[in-house]
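Remarks on the structure that follows.
In our numbering, the protein residues as written are 1488 to 1962.
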């Protein structure tokens, strides 16, 4: 099987799972937003954001490090997995204790503490699952990761339907998330055991030290990245209140649907780039250039359409009580473009042993993001948080582009020409939609036709792109 077909096969599995999860997630988020109300919905999202920040201390970059190394040396799987499991259990205990201490110090109410701790337990099981998913990525067996994702989302949706029907409250929401992660972890472990290697617990302290040392750049990057993505919700909770969190989070939940495209890309392409760094630097450069081009081509029309119809989308999904989230959505949707571009650059640098540069860039960006949030949330509430997020994304883009332009993976000028052509197609789409002023449902099919015509007329797809498409469809 060629590399392109292998990529397409794995991407297809993950994309299908992410589409299913996005649909299920859309349903349960709408149900929970309407069921819980703005305040309790804010508590739930605060808990998710807070425990996501704490989860980085469970991982410390170990998952990414193992994925990269096993992509290059799969024969070491027994040693890596056997040592990683007890190491992550030890880090999980420390993280849970730290979470409890912080909550007590911050003097949160009992309900908030209970919800956060339940989500903290869920995060522990999720983190162990991410370890197994990293192994599947290294061995190009994303099918099992994809099925695990579907199992988890199906269980959360089922739990949401039950708890809303029986009116079980916010605690039951956290429990449904936790049960989903436990059952998913059992499934992943069984497939690691049956399809790759039977894990044998090992406590090799020298290996632990070496792994942590090698993983630290990935871990620090994870800390900075998670803070960048999650700290705004936590800061809004501290500075404004749970209602503002509910408004901001409702828009952010829509954004996460589109970041699944980037997630699928990372799962498939990062292990491939790690292999190409060892086998073919020319192909590594090409894979980076094509990634940037395709990610922009996919995301740009979504960003344009959502900007124009943001209030309609928010009202349709959440109801009129969340109408103010429309302004948040039309700002945050543009950050998805930078997330995708920066994600491709991160994969390139991490796969080519330049993870320290990624760490430094994300560290600076994280600092800037926190400072911007302090000022902008104070004056503009959740709108300020949205502005801070997109400014940070632009800063990361500029710094990563600067680093890449200085090394041997500097993209060819053809990439710039390709991006310009795609942007022209997007501009044509935006102008026509604004002039026609169609209803959202009519605009959807019209936008697809206009954008595809624009891509064709600007010749955005070159001969290499067409060859890739032909190989994928088998012609």
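Every residue gets a Cβ at the ideal spot worked out from N, C-alpha and C, and that includes glycine.
Query, Result
"Coarse secondary structure for residue 1960, derived from DSSP in three states", "With a pLDDT of 49 at residue 1960, under the threshold of 50, the modelled position of that residue is not reliable, and the figure given next carries that caveat. In this structure, residue 1960 counts as helix in the three-state DSSP scheme."
"Whole-angstrom C-beta distance between residue 1574 and residue 1549, which should lie under 8 Å", "7 Å"
"Residue 1585, buried or exposed, once every other Cβ within 10 Å from all chains shown has been counted against 16", "exposed"
"Top-ranked residue by Cα proximity to residue 1917, from 1902, 1901, 1648 and 1935", "1935"
"Proximity below 8 Å, CB of residue 1538 to CB of residue 1607", "yes"
"Alpha-carbon spacing of residue 1698 relative to residue 1906, whole angstroms", "39 Å"
"Cα-Cα separation between residue 1529 and residue 1836, rounded to whole angstroms", "36 Å"
"Length of the line joining the Cα atoms of residue 1601 and residue 1731", "21 Å"
"Any C-beta of chain D under 8 Å from that of residue 1692", "Looking at the structure shown, chain D is missing, and only one protein chain is on hand."
"Nearest-angstrom beta carbon gap, residue 1941 and residue 1901 [assumed within contact, 8 Å]", "About 19 Å separates the two Cβ atoms, so there is no contact after all."
"Separation of residue 1872 from residue 1859, as counted between CA atoms", "8 Å"
"DSSP state of residue 1527 mapped onto helix, strand, coil", "helix"
"Selection from 1849, 1841, 1821 and 1802 that minimises the alpha carbon distance to residue 1813", "1802"
"Local conformation of residue 1862 per DSSP, three classes", "helix"
"Own chain, CB closer than 6 Å to residue 1880, minus 5 neighbours either side, in chain order", "1822 and 1825"
"Close-in-space but distant-in-sequence residues of the same chain around residue 1643 (CB under 7 Å, 5 per side omitted)", "1515, 1663, 1664 and 1667"
"Residue environment, residue 1593, which counts as buried when at least 16 other CB atoms sit within 10 Å", "exposed"
"Environment of residue 1512 [buried if 16+ CB atoms lie within 10 Å]", "buried"
"CB of residue 1883 within 8 Å of CB of residue 1849, strictly", "yes"
"Closest by C-alpha distance to residue 1647, when choosing among 1507, 1522 and 1703", "1522"
"Same chain, Cβ closer than 6 Å to residue 1868, five either side skipped, listed in chain order", "1727 and 1731"
"Whole-angstrom distance between residue 1694 and residue 1817, CA atom to CA atom", "47 Å"
"Range covered by the alpha helix (DSSP H) that runs through residue 1652", "1629-1652"
"Close Cβ partners of residue 1722 (< 6 Å) along its chain, the five nearest in sequence each way excluded", "1860 and 1864"
"For residue 1937 and residue 1915, believed in contact at Cβ under 8 Å, the rounded distance", "7 Å"
"Helix, strand or coil at residue 1899 according to DSSP, with G and I counted as helix", "coil"
"Cβ pair residue 1552, residue 1689 closer than 8 Å", "no"
"Helix, strand or coil at residue 1945 according to DSSP, with G and I counted as helix", "coil"
"Pair within 8 Å by beta-carbon distance, residue 1921 and residue 1810", "no"
"Expected contact under 8 Å - CB spacing of residue 1629 and residue 1501 to nearest Å", "5 Å"
"Residue burial classification, residue 1866 (beta-carbon count within 10 angstroms, cutoff 16)", "exposed"
"Three-state class that DSSP yields for residue 1847 in the structure shown", "helix"
"Complete runs of the alpha helix (DSSP H) confined to the stretch 1648-1683 [at least 4 residues]", "1657-1682"
"Cβ neighbour criterion (16 or more within 10 Å) applied to residue 1639", "buried"
"Rounded C-alpha distance that separates residue 1520 from residue 1908", "40 Å"
"Collapsed DSSP secondary structure at residue 1616 in the structure displayed", "helix"
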